[in-house]
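Colleague:
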Amino acid sequence: MGRKSIIDEVKKRQAELGDSVVIKDAGMTVYTNNGELSKGCQYCKQGIGYPAELGFKCNLDCSFCPIEIPPVENNMTGYDHAKFFEIFQFDPFLSYAYTGGEPLLYFDDMVYIASQVDSGIYQHFYTNGVLLTEEKAKTLYDAGINEIRFNLLATNFSDEIIEKISYCEKIFDLVCVEVPVMQETYNFLVRKGKLKEIVSRGVRQLNLGEMYLTSNKSRANLGDRGTYNYTSLFFRVNNILEESRLLTYDIIKYSIENNIDILINDCSCEAKELQIMKINKYGNIGRQVIWT
């Protein structure tokens, strides 16, 4: 299947879901019609969310990791943070997302940055959850971080990590799960009942990311499943799993048919293209992001 075939099939499934999904931005924004998207997602789609890569170190070794780890770590120093935020306050960004690697390996830096950000800026971070403690969660919230996003696929939806959602739900403004989608994701969420379990723990939004194989490791482990390339004016990604976005709609359909109270966001390559297009609106016209 190619890009057009995938998108045609997705549009067919969207039509079958009818009013159960919200479709905006020429079809590049799609989520279930049972709530409001996280402010982090809203600002991302408007091109005014800033992704902060704290560093590439990680405490896990996921077979699907899309990141090609550079030979030399090049994360921001404390001085860089101070300089960056003196400039940052004048930029159009209204949200700040801490990514990695595993951001909790840079815990002190994340706390420092969050405490420097203007209180009107929405902040969230991504984590596999292994290094998280209740004390660290409280420290991060007190520093100004509003939302936590768990990648539960990184630990095969570990019961130990899912249990941490319970105290996070009492600390943060929003607990979200964001996972790349492949057959294993569907199996955990639907066949093994993890979707219902995470909702019972307090997860209010699920972001289902289209899976792309942009590292040698991910291509070696998953490349035989069938892939396609996504190419447009602003955004190009090679080696996207064909099954990924179609499984996203299988999960959405299951959630709707079973009246599971969680907002599900289709975080596809189309959604990422929208983000890049909106970022270009703020003075970077002609920029094309290419992941191979």
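Numbering (numbering that gives the first Met the number 0), first residue to last: 0 to 291.
Where is the CB? At the ideal position from N, CA and C, for every residue including glycine.
What would DSSP say about proline 102, mapped onto helix, strand or coil?
Modeller: helix
Colleague: Indicate the three-state DSSP secondary structure (helix, strand or coil) for glycine 77 in the structure shown.
Modeller: Its pLDDT being 49, under 50, glycine 77 is placed unreliably by the model, and the measurement read from it follows with that caveat. Glycine 77: helix per DSSP, three-state reduction.
Colleague: For the pair the region 191–202 and the region 218–228, tell me if three or more CB-CB distances fall below 8 Å.
Modeller: no
Colleague: Keeping to the same chain, check which residues put their C-beta closer than 6 Å to that of leucine 188; ignore five residues upstream and five downstream.
Modeller: Leu194 and Ile250
Colleague: Identify the residues that DSSP records as bridge partners of phenylalanine 124: which are they?
Modeller: Its beta-bridge partners are Tyr97 and Ile147.
Colleague: Helix, strand or coil: which one does DSSP assign to asparagine 220?
Modeller: helix
Colleague: With a threshold of 16 other CB atoms inside 10 Å of the CB of glycine 119, please say whether the residue is buried or exposed.
Modeller: Exposed, because fewer than 16 other Cβ atoms sit within 10 Å of the Cβ of glycine 119.
Colleague: Is it buried or exposed for alanine 113, if we count other Cβ within 10 angstroms and need 16 for buried?
Modeller: buried
Colleague: Compare the beta carbon distance of glutamate 242 and arginine 224 with 9 Å and say whether it is the shorter of the two.
Modeller: yes
Colleague: Please state the DSSP three-state secondary structure of glutamate 207.
Modeller: It should be noted that the sequence gives leucine, not glutamate, for residue 207. Strand, per DSSP.
Colleague: Do lysine 169 and leucine 131 have their C-beta atoms within less than 9 Å of each other?
Modeller: No; because the gap between Cβ atoms is not below 9 Å, this pair is not in contact.
Colleague: When you compare the CB positions of asparagine 206 and phenylalanine 171, do they come within less than 9 Å of one another, or not?
Modeller: Going by C-beta atoms, asparagine 206 is not nearer than 9 Å to phenylalanine 171.
Colleague: So for lysine 44, helix, strand or coil by DSSP?
Modeller: helix
Colleague: Just to confirm my understanding: we take valine 174, look at its own chain, exclude 5 residues before and 5 after, and list those with CB closer than 7 Å. What are they?
Modeller: Ile147, Ile164, Cys167, Glu168, Gly201, Val202 and Arg203
Colleague: My guess is that serine 94 and glycine 46 are in contact by the Cβ rule of under 8 Å, so how many angstroms apart are they, rounded?
Modeller: With a Cβ gap of about 11 Å, serine 94 and glycine 46 do not count as contacting.
Colleague: Can you tell me the Cα-Cα spacing of asparagine 264 and aspartate 107, whole angstroms?
Modeller: 31 Å
Colleague: Could you tell me the alpha carbon to alpha carbon distance between isoleucine 275 and phenylalanine 234, rounded to whole angstroms?
Modeller: 7 Å
Colleague: Can you tell which of Ser19, Gly54, Met109 and Leu245 has its C-alpha closest to the C-alpha of cysteine 266?
Modeller: Leu245
Colleague: Helix, strand or coil, according to DSSP, for glutamate 177 in the structure here?
Modeller: strand
Colleague: Which residues in the same chain have their Cβ closer than 8 Å to the Cβ of arginine 286, if we skip the five residues on either side of it in sequence?
Modeller: Its pLDDT being 40, under 50, arginine 286 is placed unreliably in this model, and the coordinates cannot settle the point.
Colleague: Short check: CB of alanine 96 to CB of histidine 123, under 9 Å?
Modeller: yes
Colleague: CA-CA distance, phenylalanine 149 and glycine 99?
Modeller: Looking at the two C-alpha atoms, the distance is approximately 13 Å.
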